[in-house]
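Chemist: Pasting in a structure now, in C-alpha cells, and then I'll have a few things to ask.
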Amino acid sequence: MSRYQDEFLRSIESPELFWAEQAGRLPWFTPPQTILRYDDQGHARWYEDGELNLCHAALDHHVEQGRGELAAIHWDSPVTGQKRTLSYGQLLDRVARFAGALRELGVKYGDRVVIYMPMVPEALVAMMACARLGAVHSVVFGGFAPHELAVRIEDAEPRVVVTASCGVEIDRVVPYKPIVDEALARSAHQPAACVVLQRERHEAELGAGDHDWATLEAAAEPAPCVPVKATDPLYILYTSGTTGRPKGVVRDTGGYGVALHYSMEKIYDMAPGEVFFSASDVGWVVGHAYIVYAPLLRGCTTVVYEGKPVRTPDAGAFWRLIADYRVKSFFTAPTAFRAIKKEDPEGEWLSRYDLSCLASLFLAGERLDPPTFHWLQERLDVPVIDHWWQTETGWPVAANLLGLEPMPIKAGSATVPVPGFDVQVLDREGRRAVAQEQGAVVIKEPMPPGCLSGIWRDTERFHSAYMAAFPGYYLTGDGGYVDEEGYVFIMGRTDDVINVAGHRLSTGEMEEVVGAHPAVAECAVIGIQDALKGQVPVGLVILKDGFTGDEASLEVELIERVRQWIGPIACFRQVLVVDRLPKTRSGKILRKLLRNIADGQAYGVPSTIDDPASLESVHDAMRQHDVGASGQARME
C-alpha cells in the first residue's frame, strides 16, 4: 500500500486517532481529550474540550522557539513602490499592541470586528490581533461596494470596524473611508468605533467615532493571548449564496489550526523557514488560510503582494517576486496566468529571472483549463498542481500531496481526495456513481477538522444549504466525476454561483439588482465562459410595456447599478434586451440552456418548455450581440 493510501485510509477508518495525532503538533494551552463529537444534527465537532489561541500558535510560539529573527512577512507593493519585511518578533510586537488598542476600544472575547483593508501588513496585524483577544474577525474584500459591506456589518454586528484611508490600484487610488461611511449610513447596526490606517497616497478625514491607527497603536499596552475553546469561532467569512443573501461561513479555531498545519506539510511540502507565496487577497478564503494563518502556523515566511499579475509593471511581476524572495511554493488562480499568457504568450518574461528556488506551483479557485495547464507545464520545470476546495471547506479537498506522496498529474483533475475527505459522486437518487459517471460531488460525514462549523446566526440555513439534499453527506454544489484510479474531476457549479476570476459570485444577487430597475419587467443573469476570467456574467432583460427610453443608455445604467451594489469585481458588462425568456411550464427560466447557447454548445428543446420559439429568439439575440461563442451553438 502506498503512503498516500495508508494515510487516507487511516483518516477515514480511524478519524479520531488520526486527527488526535495531528492535533499533537500544535501548542495547546489545554490539549483536547475529546477529539470528535457529533452535535444534535449529526455534524462533527472537533477538539471541544481543548483550549488554545491561534495567534499564540502562529507568533508567540515561534518566538519562544527562537525564531524571532526569522522573516514572517515580506510585503511588496509595486503600486506604491514600497517594500517591507517584518520578522516574527516584530510582527508579534505589532499584533500585541494593536490587540491592546482594540481592547481599549472595548473589544473582548466573542466580539466581532469587521476588517475592510487593502493588501498591506496591517491587514494581517488586525486579523491576528482579533484572534489574540478571542474576538471574531470578518474580513470584507476591499473591492466590495457600500451595499455589500453594509449587509455584512448588519449581519456580523461588529463592535469595531478597521479600515484604511485608501486602496491603491494600477491606475487609480480608491478612497475607502467614504465607502465605509456610506455602508454605515445604510446599516441598522452601528459599531462603537472605526479605526483608520492612514496611507500616504490619500489621507481620510476622520469624524466622530473615528480613530487613527498609528496613534492608537503607539499608545497601547500589549495585550496577552486569551485562551479560547477549540470550537469557538475564529472568523466569519461571507460567501455568495444562491438567494442573493450572503452566507456567513463560521470557522472554528482548533480544527482550523490543525488542518492548516497539516496541509502546509503534506500538501504544499513546506518546512519552517521556507517562503510561501499566495497571490490572493485577505478578503478571500485563500488569503485567510494561505497568506495569513497556515504559513505562520508552520513557521514559514509569507509574501503579501499589493499588485496584479500584469501591468505592475509588466507580465513578469510574479516571476520577479518568486526570484526576489526565493519562494519555494507559489499559489494563485488560473485566471492570473491567463492574463499573463495574454500579454506574454511565449513566456519571455519568465526567462529573465532565476526561478531555481521554485519547487511547485499550485492553482485553485476555478478549474485549471488544459490550455493554461500545458502552457505552464511547458515553461516551468516544477509540478503544476491543480487542487480543489471552497470557502466552506477552508482548505483543500482534493490535491496532489507533494509532502506525502507526489502522484502523476492528469490535466483537468485535482488529483485525489486529501486525507480526511471522503469524496463521493452521487446521482439524483443518492446512489454512488460508477467511475467516469458525472453527478453531484459530496463529502461523507464526518467532515474533517477545518471545515465550516455553521452559518453565522442561521443554523437552519447551514443544514438546508449543505446537508439536507443527501443526508449524511455535505453537498459541495459542484458537479464532477471520479475516474478508475480515484482521480477527482470537478466540472463546474450546479447552482447559480459563478466563478469570476476565481471569485464566487451569485447571479441571483445580480438579478435582484437588475430586476429592481423600474424599466425591467423580468431578467436572468447567466455566467458564460471567458478565456481570461473563467466566467463572466451576462444579463438578459425583458422591458416593461411602454418603455420609451434608449436601450443603449439602459444597458449603461444596469451595468452601473451592479457595479455600485456589488462592485467592479462582478465584471458585469453586457446586457441584452429580449422579448421573452425560455421557461418551463411551471415558470422556471431555463438558465442551463441559456448557458449552453452562450458557450457555443449544441442544445435541444426540452419537452418541458412553455414556448419553444423563445429559445431560438434568445439565440438570435445572442448571435447578433456576439455573446460568448453563441454563434457556434446549434439546435439539435
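Going from the sequence shown to this note's numbering is simple: count from 1 and add 16. Beta carbons: idealized from backbone N, C-alpha and C, even for Gly. In this text the structure is predicted, and so the values were computed from the model without any measurement.
Sorted by chain position, which residues of the same chain lie with C-beta nearer than 6 Å to S602's C-beta, five sequence neighbours on each side aside?
Modeler: Low confidence applies here, because S602 scores a pLDDT of 47, under 50, leaving its location unreliable; read the following figure in that light. For S602, where only same-chain residues beyond five positions count, there are no Cβ hits under 6 Å.
Chemist: Around the Cβ of P433, are there at least 16 other Cβ atoms within 10 angstroms (buried) or fewer (exposed)?
Modeler: Buried.
Chemist: DSSP beta-bridge partners for V621?
Modeler: In DSSP, V621 forms no bridge with anything.
Chemist: At what residues does the beta strand (DSSP E) containing N515 begin and finish?
Modeler: Here the beta strand (DSSP E) through N515 covers V513 to V516.
Chemist: Can you list, in chain order, the residues of its chain with a C-beta nearer than 7 Å to that of R217? Leave out the 5 residues immediately preceding and following it.
Modeler: Excluding positions up to five away in sequence, the list reads T96, C182, V184 and V189.
Chemist: In terms of DSSP beta bridges, what is H163 paired with?
Modeler: DSSP lists no partner for H163.
Chemist: Hey, how far is the Cα of G105 from the Cα of P162?
Modeler: So the two alpha carbons sit approximately 36 Å from each other.
Chemist: In the structure shown, what three-state DSSP assignment does Y125 receive?
Modeler: Residue state, collapsed to three classes: coil.
Chemist: Rounded to whole angstroms, what's the CA-CA distance from D340 to T318? Just pull it up for me.
Modeler: D340 and T318: Cα-Cα distance of roughly 13 Å.
Chemist: Scan the region 200-238 and note each continuous alpha helix (DSSP H) run of 4 residues or more that stays entirely inside, going in chain order.
Modeler: Entirely contained in the region 200-238, the alpha helix (DSSP H) runs reaching 4 residues are, in chain order, 229-235.
Chemist: Would you mind giving the Cβ-Cβ distance between V244 and W404, rounded to the nearest angstrom? I have them listed as a contact below 8 Å.
Modeler: The pair is not a contact, with the Cβ atoms about 30 Å apart (cut-off 8 Å).
Chemist: Under 8 Å by Cβ, that's how I've got E573 and H533 pegged, so tell me the actual separation to the nearest angstrom.
Modeler: 7 Å between Cβ atoms; contact.
Chemist: Taking only three categories from DSSP, how would you classify W581?
Modeler: Reduced to three states, the DSSP call for W581 is helix.
Chemist: Could you tell me whether the Cβ atoms of K124 and A151 are closer together than 8 Å?
Modeler: Taking 8 Å as the Cβ cut-off, K124 and A151 qualify as a contacting pair.
Chemist: Please state the DSSP three-state secondary structure of S522.
Modeler: In the structure shown, S522 sits in a strand (DSSP, three-state: E or B).
Chemist: Between I307 and R26, what straight-line distance do the alpha-carbon atoms span, to the nearest angstrom?
Modeler: Each residue's Cα considered, the two are about 29 Å apart.
Chemist: Considering G271, what are the terminal residues of the alpha helix (DSSP H) in which it resides?
Modeler: Looking at the DSSP string, the run of the alpha helix (DSSP H) that includes G271 is G270 to K282.
Chemist: Would you mind stating whether A246 and L276 have Cβ atoms separated by less than 8 Å?
Modeler: Result no, Cβ atoms of A246 and L276 do not sit closer than 8 Å.
Chemist: Given a threshold of 16 other Cβ atoms within 10 Å of its Cβ, counted over all protein chains shown, does Q640 qualify as buried or as exposed?
Modeler: Q640 comes out exposed.
Chemist: Are there 16 or more other CB atoms within 10 angstroms of the CB of I186, so buried, or fewer, so exposed?
Modeler: Exposed, since its Cβ has fewer than 16 Cβ neighbours within 10 Å.
Chemist: So, does the region 429-445 touch the region 232-242, judging by three or more C-beta pairs under 8 Å?
Modeler: Because the criterion of three Cβ pairs below 8 Å is not met, the region 429-445 and the region 232-242 do not touch.
Chemist: Taking the alpha carbon of L631 as the point to measure from, which residue in V529, D595 and D494 has its own alpha carbon closest?
Modeler: Answer by Cα proximity: D595.
Chemist: Determine the DSSP secondary structure at D636, reduced to helix, strand or coil.
Modeler: Residue state, collapsed to three classes: helix.
Chemist: State whether the region 117-133 contacts the region 82-100, with contact taken as three or more CB pairs (one from each stretch) at a distance under 8 Å.
Modeler: Contact fails: fewer than three Cβ-Cβ distances are below 8 Å.
Chemist: State the Cα-Cα distance for the pair G493 and A414, rounded to the nearest angstrom.
Modeler: If you take the alpha carbons of G493 and A414, they lie about 15 Å apart.
Chemist: Span of the alpha helix (DSSP H) holding F655?
Modeler: Not covered by the structure: residue 655. The range shown for the chain is 17 to 652.
Chemist: Tell me whether the beta-carbon of L653 lies closer than 8 Å to the beta-carbon of G410.
Modeler: A question about residue 653 goes unanswered here, because the residues of the chain that appear run from 17 up to 652.
Chemist: Grab the span of the alpha helix (DSSP H) containing M144 for me, first residue to last.
Modeler: Counting along the chain, the alpha helix (DSSP H) containing M144 begins and ends at P137 to L149.
Chemist: Would you list the one or two residues that DSSP bridges to E538?
Modeler: Paired residue(s): I558.
Chemist: Kindly confirm or deny that the region 206-214 and the region 84-93 touch, where touching means at least three C-beta pairs closer than 8 Å.
Modeler: Taking 8 Å as the limit for Cβ pairs, the verdict is that the region 84-93 does not touch the region 206-214.
Chemist: Measure the C-alpha to C-alpha separation of Q406 and R168 and round it to an integer number of angstroms.
Modeler: One C-alpha to the other measures close to 20 Å.
Chemist: Does the beta-carbon distance from A295 to T328 come in below 8 Å?
Modeler: Cβ atoms of A295 and T328: not closer than 8 Å.
Chemist: Return the first residue and the last residue of the beta strand (DSSP E) that H90 is part of.
Modeler: Counting along the chain, the beta strand (DSSP E) containing H90 begins and ends at A87 to S93.
Chemist: Count the C-beta pairs between the region 575-594 and the region 607-623 that are closer than 8 Å, then say yes if the count reaches three, no if not.
Modeler: Judged by Cβ distances under 8 Å, the region 575-594 makes no contact with the region 607-623, as fewer than three pairs qualify.
Chemist: Out of Y321, P288 and G264, point me to the one whose CA is closest to V136's CA.
Modeler: Nearest C-alpha to V136: Y321.
Chemist: Once the 5 residues before and after I605 are set aside, which same chain residues still bring their CB inside 8 Å of it?
Modeler: Hits under 8 Å: A540, L597, P598 and K599.
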